[in-house]
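In the working numbering, the protein residues as written are 372 to 666. Even for Gly, the Cβ is constructed at its ideal location relative to N, Cα and C.
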Amino acid sequence: MPLPLQSPVQSPLVSVLMPVRNGQATLDLALRSIRGQTYANWELLLIDDGSSDRSVAIARALGDARIRVFEDGQWLGLAPRLNEGIDAAQGRYIARLDADDVAYPERLAAQVDFLEKHPSVDLLGSSAVVFDDAGRALGRFPAPITHSEICRRPWSGFHLPHPTWMGRTEWFRRHRYRSEMNRGAEDQDLLLRSHRTSGFANLPDPLIGYRQDQLSWRKFASGRFQWARAALHEARLRRAYGAIASVISMQTAKGLYETAAITSGLGRRLLRHRAGPISAADVHRWNSVWRALHS
372 MPLPLQSPVQ SPLVSVLMPV RNGQATLDLA LRSIRGQTYA NWELLLIDDG
422 SSDRSVAIAR ALGDARIRVF EDGQWLGLAP RLNEGIDAAQ GRYIARLDAD
472 DVAYPERLAA QVDFLEKHPS VDLLGSSAVV FDDAGRALGR FPAPITHSEI
522 CRRPWSGFHL PHPTWMGRTE WFRRHRYRSE MNRGAEDQDL LLRSHRTSGF
572 ANLPDPLIGY RQDQLSWRKF ASGRFQWARA ALHEARLRRA YGAIASVISM
622 QTAKGLYETA AITSGLGRRL LRHRAGPISA ADVHRWNSVW RALHS
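Okay, structure coming up:
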């Protein structure tokens, strides 16, 4: 059923940032999931990064004034585009969603409610169901609840999946993304730089579906390299010399494991291992979200 046209929100509380580059295959579903939110006081900033497909046309064709499209025809990379969205956001809160993921209908409402009640939390995430292109649930990302749990091992990364983020706009503007981080470690780099002076939290239940179907060795290797690069840079700034050997050994070991799994044809097993186990109740809830988006 097509969703009705909407008027622009004059003073949106939430600005959803959705960068996109050649996302026409999945973009409509991602946009549909935001337009179907139970919470209404939002705007969506679709920031195109030089797409050569119909991504921009798909967004404009919806005729939804709450969706603001930013397009300049250039390919700048993810970090500069996210900073562009941060600067343009009108809301008190900024939420993230990738163009190939989907939000549960209660996602924005649940996160706004939590942030309004917990002023010490700067950035809020949640668990997420990992799914493939056919809509099958593969697993569930872990979601440690408290800041101390999320930041327990900062040099190995943070369990705070970026498509689940909703944070205070002033926090994003204070920390921003590093424009040189353009190859898959932007979000973890931001968390590493900011975690000592910030408050993080996760909601325990899944609030998004995170699409992950085809595994690319090159993408995994690039992500590992960029995260190690960011962590080593931060370790040198802090003079945390003991962390340097840990970062190198940990990222090397993880990279070798991922390479072996992908090249030996065990990619599906790696996906399930990375995501973690999922309960029957979570699968049932995910299936209902998926069906509703396709009805």
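Comparing C-alpha positions only, which one of the options sits nearest to residue i?
{"i": "Arg511", "options": "Thr540, Pro577, Arg564", "result": "Pro577"}
{"i": "Arg467", "options": "Ile457, Ser565, Trp536", "result": "Trp536"}
{"i": "Trp413", "options": "Asp424, Ala460, Asp493", "result": "Ala460"}
{"i": "Thr568", "options": "Pro390, Val492, Leu433", "result": "Val492"}
{"i": "Gly506", "options": "Asp419, Ala432, Gln395, Ile579", "result": "Ile579"}
{"i": "Ala401", "options": "Asp584, Ser423, Tyr475, Gln381", "result": "Tyr475"}
{"i": "Arg564", "options": "Arg545, Tyr581, Ile465, Leu574", "result": "Arg545"}
{"i": "Gly538", "options": "Ser497, Gln583, Ala514", "result": "Ser497"}
{"i": "Gly421", "options": "Ile438, Ala428, Ala430, Asp443", "result": "Asp443"}
{"i": "Arg547", "options": "Asp458, Arg406, Ala663", "result": "Asp458"}
{"i": "Asn393", "options": "Arg439, Leu416, Val427, Pro513", "result": "Val427"}
{"i": "Gln395", "options": "Gln482, Ser659, Asp424", "result": "Asp424"}
{"i": "Asp435", "options": "Leu415, Asn454, Leu453", "result": "Leu415"}
{"i": "Arg656", "options": "Met389, Ala432, Glu477", "result": "Glu477"}
{"i": "Ala432", "options": "Gly448, Arg403, Trp661", "result": "Arg403"}
{"i": "Ser664", "options": "Ser527, Pro490, Gln408", "result": "Note on identity: in this sequence residue 664 is Leu, with Ser being the wrong assignment. If we check each option's Cα against that of Leu664, Gln408 comes out closest."}
{"i": "Arg528", "options": "Glu487, Pro383, Asn454, Leu562", "result": "First, the residue type needs correcting, since residue 528 is Gly and not Arg in the sequence shown. Nearest C-alpha to Gly528: Leu562."}
{"i": "Trp526", "options": "Arg662, His566, Asn454, Leu384", "result": "His566"}
{"i": "Met389", "options": "Ser382, Gln381, Pro383, Asn454", "result": "Asn454"}
Are the CB atoms of residue j and residue i within a distance shorter than 9 Å?
{"i": "Arg600", "j": "Ala556", "result": "yes"}
{"i": "Cys522", "j": "Phe571", "result": "yes"}
{"i": "Leu479", "j": "Tyr410", "result": "yes"}
{"i": "Val473", "j": "Ala646", "result": "no"}
{"i": "Asp399", "j": "Ile438", "result": "no"}
{"i": "Trp542", "j": "Leu509", "result": "no"}
{"i": "Gly456", "j": "Phe441", "result": "yes"}
Look up residue i in the DSSP assignment and give the residues it is bridged to.
{"i": "Val501", "result": "Gly510, Tyr581"}
{"i": "Glu414", "result": "Ser386"}
{"i": "Gly407", "result": "According to DSSP, Gly407 bridges with nothing at all."}
{"i": "Ile360", "result": "Absent from the model: residue 360. The displayed extent of the chain is 372 to 666, so no value can be given."}
{"i": "Ile438", "result": "Leu415"}
{"i": "Leu608", "result": "Its beta-bridge partners do not exist; DSSP assigns none."}
{"i": "Val391", "result": "Asp419"}
{"i": "Leu495", "result": "Met537, Ala572"}
So residue i packs on residue j, CB below 8 Å; how close in whole Å?
{"i": "Ala470", "j": "Val387", "result": "Not a contact, Cβ separation roughly 11 Å."}
{"i": "Asn573", "j": "Ile516", "result": "6 Å"}
{"i": "Ala450", "j": "Arg549", "result": "6 Å"}
{"i": "Asp584", "j": "Asp504", "result": "4 Å"}
{"i": "Ile465", "j": "Thr540", "result": "5 Å"}
{"i": "Ile418", "j": "Arg452", "result": "5 Å"}
{"i": "Ala499", "j": "Pro575", "result": "Not confirmed; about 12 Å, so no contact."}
{"i": "His533", "j": "Asp558", "result": "4 Å"}
If we cut at 9 Å on Cβ distances, does residue i have a partner in chain C?
{"i": "Ile457", "result": "Among the protein chains of the structure shown there is no chain C, as only one such chain exists."}
Checklist entry - Enumerated in chain order, which unbroken segments of the alpha helix (DSSP H) with a length of 4 residues or greater are wholly contained in the stretch 529-584? => result 540-546, 557-565
Checklist entry - At which residue ranges does the stretch 440-482 contain complete beta strand (DSSP E) runs of 3 or more residues, listed in the order of the chain? => result 464-467
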